[in-house]
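Undergrad:
Chains as they are written, first to last, in the working numbering: chain A, 1 to 401; chain B, 402 to 839.
#1: If you measure between the beta carbons of residue 732 of chain B and residue 534 of chain B, is that distance less than 8 angstroms?
#2: Which whole-angstrom value describes the C-beta separation of residue 393 of chain A and residue 47 of chain A, a residue pair presumed to lie in contact below a C-beta threshold of 8 angstroms?
#3: Tell me whether residue 671 of chain B is buried or exposed, calling it buried when 16 or more other Cβ atoms sit within 10 Å of its Cβ.
#4: Can you name the residues of chain A whose CB is closer than 7 angstroms to the CB of residue 821 of chain B?
#5: Residues of chain B with a CB under 9 angstroms from the CB of residue 189 of chain A: which are they?
#6: Would a C-beta distance cut-off of 8 angstroms place residue 821 of chain B and residue 294 of chain A closer than the cut-off?
#7: Exposed or buried, which one is residue 280 of chain A when buried takes at least 16 other CB atoms within 10 Å?
#8: In the structure shown, what three-state DSSP assignment does residue 520 of chain B receive?
#9: Could you tell me the distance, in whole angstroms, from the CA atom of residue 122 of chain A to the CA atom of residue 325 of chain A?
#10: Apart from the five residues on each side of it in sequence, which residues of its chain come closer than 8 angstroms, Cβ to Cβ, to residue 237 of chain A?
#11: Between residue 94 of chain A and residue 113 of chain A, which are expected to be in contact by the criterion C-beta below 8 angstroms, what is the C-beta distance as a whole number of angstroms?
#12: Just the C-alpha distance for residue 571 of chain B and residue 719 of chain B, rounded to the nearest angstrom, thanks.
#13: Give the residues from the region 733-751 of chain B that approach chain A closer than 7 angstroms (Cβ to any Cβ), ordered along the chain.
#14: At a CB distance below 8 angstroms, what residues from the region 314-325 of chain A approach chain B? Give them in sequence order.
#15: In the DSSP assignment, find the unbroken beta strand (DSSP E) run with residue 21 of chain A in it and report its ends.
#16: Can you find the residues in the same chain that come closer than 6 angstroms, C-beta to C-beta, to residue 708 of chain B, ignoring five residues on each side of it along the sequence?
#17: If you pair each beta-carbon of the region 192-205 of chain A with each one of the region 223-240 of chain A, do three or more pairs fall below 8 angstroms?
#18: In whole angstroms, what is the alpha-carbon distance linking residue 807 of chain B and residue 454 of chain B?
#19: May I have a chain-ordered list of the beta strand (DSSP E) segments no shorter than 3 residues that lie completely inside the region 625-673 of chain B?
#20: Using 8 angstroms as the threshold, is the C-beta distance between residue 771 of chain B and residue 761 of chain B below it?
#21: Rounded to whole angstroms, what is the Cα-Cα separation between residue 443 of chain B and residue 498 of chain B?
#22: Should residue 703 of chain B be flagged as near chain A, meaning a C-beta pair shorter than 8 angstroms?
#23: Taking residue 383 of chain A as the query, report the chain B residues whose CB atoms sit under 7 angstroms from its CB, ordered along the chain.
#24: Go ahead and label residue 228 of chain A buried or exposed: buried means 16 or more other beta carbons lie within 10 angstroms of its beta carbon, across all protein chains shown.
#25: Taking only three categories from DSSP, how would you classify residue 116 of chain A?
#26: Let's see if you can read the secondary structure: which residues bound the beta strand (DSSP E) around residue 840 of chain B?
#27: Can you give the Cα-Cα distance for residue 452 of chain B and residue 812 of chain B, rounded to whole angstroms?
#28: Identify, in the order they occur along the chain, each residue of the same chain with its Cβ nearer than 6 angstroms to the Cβ of residue 411 of chain B, setting aside the five sequence neighbours on each side.
#29: Within 10 angstroms of the Cβ of residue 427 of chain B, are there 16 or more other Cβ atoms? Answer buried if so, exposed if not.
#30: Check for me: the beta strand (DSSP E) holding residue 322 of chain A runs from which residue to which?
#31: Helix, strand or coil for residue 681 of chain B? Go by DSSP, reduced to three states.
#32: Opposite residue 723 of chain B in the DSSP bridges: which residues?
#33: Spell out the partners DSSP gives residue 150 of chain A in its beta bridges.
#34: What residue does the alpha helix (DSSP H) around residue 204 of chain A start on, and which one ends it?
#35: DSSP three-state call for residue 575 of chain B: helix, strand or coil?
#36: The region 679-696 of chain B: which residues have C-beta closer than 9 angstroms to a C-beta of chain A, in chain order?
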């Protein structure tokens, strides 16, 4: 494992020097439309796509490095994970995704805890994940902030794409379990605590605006950023009761809500659609226990049919496997009603739209980041391999996995 | 051991006698499927005939005589293979040893399994027809495992698979080493202590067995009964197989060392680092039941877990099976474990065997289940496509001639896909306490 990480790191260096990278594909999944047969993608020195289209009509620059693959997709987006804050050792020193000293700590920043050299980052990358929405995990009323990274670099500064995206919040019994002996001991108490905090943040923001000398309060500042739309509210809610609780909070405070987990969303898909709220759905293969006991393998399809914008995630695992992989979770969805295009969209273009980064990643078009995954067969099939991964034109994983 | 089994044998004899499984009166012919008999080459257009819960005939369509009065089922375009055998699972709400001591060989899984649990239905939905249900790995010896045929039974007795004869064995012995079984005394705190405790109890069992042998059947000379030493005696006699949880390469070698000393029959389980000692495993001639997990880590002993372990041990010459460790992986995705091993380079046929006959052999059931051959149990699954395709679904699961899972039935489809009500039973019994189960 350690050797493989080192190898990946070494590969990054020489490749940055090459001028232009060209990838040719028998089947190119641009995600902006149906796949293109016999296609070419040209990535410029800046790491952006400068030409894309059928081989006929898309000239290959003479000095370019050319790689060919049967199937090529955009780099995958893991729409919600804790990888980088959570490490594969699963020991206290590499578990920074949940701080249990207080149930509401939105001031905790993801950039202060992300380990770019974590083995699970490499594991994700070799299976095609190039962008991760990672940070503080589920399990507290407000556990902290999330961020967007590319799965590259040796430090958070080299990896970071957007340093603060959302405040991660959770409703339901899992919070009470993590704060045993303290509030919230019930669902209603949790909602009451969040409402009080939002109201305090609103008052704090008003006071800061009116009286510039008001001392800063990092906690209320973070919650005020949710209220003013700078940050999204990523609310993990799996049961119908908790999903409706999240929608009720959103209606009261008007923040930008992203529903997360949403195991029982198949029961209230119409309500979610009517509210115009996007969903980052639990991994397709999430275990069906606890608040997930009514989860279904078919929910991606159900939410699509209801008109909900939906992304898939690798999620948060407390034990083994320490992370799941977006590719595999999307692949399994194709056995349960989703087309390949829909399933891949949930880890590419739709994930980008949910996270507001569709102008940079999630599809292949001129001007988009040159993040590509090269396959030796149908990307969703068990027996196909990811044989190369590019981030902004740089080969970051080579060899078939 | 004869005296020790007086109670057990009679109870089981009775249980077998009241088995409610209805004999399959009418022969059934499955015609036109791609048949994967496992016992021989695939048949692109095959026919399988079953009757009285057994396989009557297997062959190319047209070459197999279909009995008069047989029900003919057209399965053209589908794939038919033996019911899957899972060599390591925790379905049925199983529990074994408690927290009082690290070695509890007297404890039996069969006393703690709820055969009506949703997890058993889900296993059938995944195509599993035979399963080794085990206590957890939080002990050096956490108890006797239970081999089950997933019949439509109402009680554990309806599902237990026991050896024939007056002194039946209905499972193996679950053992573990490494960190899961280490904690505060009286549990071991180190690997050295773990091995010493195991050696100590095996030596005691040897002495106990010697006294029983010396008594020569004279009840007056028999030592007082000791349920644990009796069970370990069955291990020493080779009648009860040790199913040993072990992850790290050195822990695997420790198990092989103990086996060398005491001569027990052994299946290694999980072997996250088995690829590092594949030659040693193969040279010892022991079987491996391998876990496939989506990422390495989650615990220190699994940081070098690899999709390539199955391939490595197979190519070294060892017998390889896969397991679900349900709920670590879901029984409904059992075929996926084999598929990921093939993705990592394992031979396709070996991977098919690793979810069927190889596991059956590890449970001493290779002459009953795991292949479609004449005289074998009529346990079979109907798949929508290739077993290693992500989009292949288990359409039907047949156990001893009875169709117990049918995806076209709404209730069964709910079990297969999940959804509202599919989780009403405590199917994730091990989820609340995953530590110590994998």
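Note that the Cβ used here is the ideal one computed from N, Cα and C, for glycine as well.
Keep in mind it's a predicted model, so treat the numbers as computed, not measured.
TA: Straight from the coordinates:
#1: Start at 1 with the first residue of the second chain, and residue 732 of chain B comes out as number 331. Start at 1 with the first residue of the second chain, and residue 534 of chain B comes out as number 133. With contacts defined by Cβ atoms closer than 8 angstroms, residue 732 of chain B and residue 534 of chain B do not form a contacting pair.
#2: Here residue 393 of chain A corresponds to residue number 393 of the first chain, with the count starting at 1. Here residue 47 of chain A corresponds to residue number 47 of the first chain, with the count starting at 1. Right, their Cβ atoms sit about 5 angstroms apart.
#3: Translated into positions along the second chain, residue 671 of chain B becomes position 270. Buried, by the Cβ-count rule.
#4: Translated into the one-based positions of the second chain, residue 821 of chain B becomes position 420. Close to residue 821 of chain B, with beta-carbon spacing below 7 angstroms, are these residues of chain A in chain order: 267 and 294.
#5: Along the first chain, read from residue 1 onward, the residue named residue 189 of chain A stands at position 189. Residues of chain B passing the Cβ test: none, with the nearest at roughly 23 angstroms.
#6: In the second chain, residue 821 of chain B corresponds to position 420, counting from 1. In the first chain, residue 294 of chain A corresponds to position 294, counting from 1. Yes, the Cβ-Cβ distance between residue 821 of chain B and residue 294 of chain A is below 8 angstroms.
#7: For this step, residue 280 of chain A is matched to residue 280 along the first chain. By the C-beta density criterion, residue 280 of chain A is buried, having at least 16 other C-beta atoms within 10 angstroms.
#8: Working through the second chain from its first residue, we reach residue 520 of chain B at position 119. Looking at residue 520 of chain B - three-state DSSP - the assignment turns out to be helix.
#9: Counted from its first residue, the first chain places residue 122 of chain A at position 122. Counted from its first residue, the first chain places residue 325 of chain A at position 325. Taken atom to atom, the span from the alpha-carbon of residue 122 of chain A to that of residue 325 of chain A is near 12 angstroms.
#10: Counting from 1 along the first chain, the entry for residue 237 of chain A is found at position 237. These residues qualify, in order along the chain: 170, 171, 172, 243, 245, 246, 259, 260, 261 and 262.
#11: Looking up residue 94 of chain A in the first chain gives position 94. Looking up residue 113 of chain A in the first chain gives position 113. Actually they do not touch by this definition, with Cβ atoms about 10 angstroms apart.
#12: Along the second chain, one-based indexing puts residue 571 of chain B at 170. Along the second chain, one-based indexing puts residue 719 of chain B at 318. In this structure, the straight-line span from the alpha carbon of residue 571 of chain B to that of residue 719 of chain B is close to 25 angstroms.
#13: Here the close residues are 734, 737, 740, 741, 743 and 744.
#14: Sequence-ordered contacts of the region 314-325 of chain A with chain B read 317, 318, 319, 320, 321, 322, 323, 324 and 325 [C-beta pairs closer than 8 angstroms].
#15: Here residue 21 of chain A corresponds to residue number 21 of the first chain, with the count starting at 1. That run of the beta strand (DSSP E) goes 21-28.
#16: If you number the second chain from 1, residue 708 of chain B lands on position 307. Contacts found: 741 and 745.
#17: Verdict: yes, contact present.
#18: By 1-based counting over the second chain, the position of residue 807 of chain B is 406. By 1-based counting over the second chain, the position of residue 454 of chain B is 53. Distance from the CA atom of residue 807 of chain B to the CA atom of residue 454 of chain B, rounded to whole angstroms, is 18 angstroms.
#19: Whole beta strand (DSSP E) segments, 3+ residues: 643-647 and 667-671.
#20: Along the second chain, one-based indexing puts residue 771 of chain B at 370. Along the second chain, one-based indexing puts residue 761 of chain B at 360. Closer than 8 angstroms, so yes.
#21: Working through the second chain from its first residue, we reach residue 443 of chain B at position 42. Working through the second chain from its first residue, we reach residue 498 of chain B at position 97. Residue 498 of chain B has its alpha-carbon roughly 43 angstroms from the corresponding atom of residue 443 of chain B.
#22: Locating residue 703 of chain B in the second chain gives position 302, where the first residue counts as 1. Cβ-Cβ to chain A under 8 angstroms: yes for residue 703 of chain B.
#23: The sequence position of residue 383 of chain A within the first chain is 383, counting from 1. What residue 383 of chain A touches in chain B: 740, 743, 744 and 789.
#24: Within the first chain, the letter at position 228 stands for residue 228 of chain A. Result: exposed.
#25: Numbered from 1 along the first chain, position 116 holds the residue referred to as residue 116 of chain A. It is coil, neither helix nor strand.
#26: No statement about residue 840 of chain B is possible, as the shown extent of chain B runs from 402 to 839 and does not include it.
#27: The residue you call residue 452 of chain B lines up with position 51 of the second chain. The residue you call residue 812 of chain B lines up with position 411 of the second chain. C-alpha separation (whole angstroms): 27 angstroms.
#28: As a working mapping, residue 411 of chain B is identified with position 10 in the second chain. Note that residue 411 of chain B scores 36 on pLDDT, short of 50, meaning its location in the model is unreliable; the coordinates nonetheless yield the value given after this. Within the same chain, residue 411 of chain B has no close Cβ partners at all.
#29: Translated into the one-based positions of the second chain, residue 427 of chain B becomes position 26. Flag for residue 427 of chain B reads exposed.
#30: Counting from 1 along the first chain, the entry for residue 322 of chain A is found at position 322. Secondary structure note for residue 322 of chain A: it is in no beta strand (DSSP E), with a DSSP letter that is neither H nor E.
#31: Residue mapping note: residue 681 of chain B aligns to position 280 of the second chain, counting from 1. In this structure, DSSP gives residue 681 of chain B a helical state, which the three-state scheme calls helix.
#32: Position 322 of the second chain, counted from the start, is the residue given in the question as residue 723 of chain B. In DSSP, residue 723 of chain B forms a bridge with B:691.
#33: Residue mapping note: residue 150 of chain A aligns to position 150 of the first chain, counting from 1. Answer by DSSP bridge pairing, in chain order: A:131.
#34: Numbered from its first residue, the first chain carries residue 204 of chain A at position 204. It spans 187-210 - the alpha helix (DSSP H) in which residue 204 of chain A sits, taken as one unbroken run.
#35: For the purposes of this step, residue 575 of chain B is taken as residue 174 along the second chain, with counting starting at 1. DSSP places residue 575 of chain B in strand when its eight states are reduced to three.
#36: Against chain A - using a Cβ distance shorter than 9 angstroms - the residues of the region 679-696 of chain B are 692, 694, 695 and 696.
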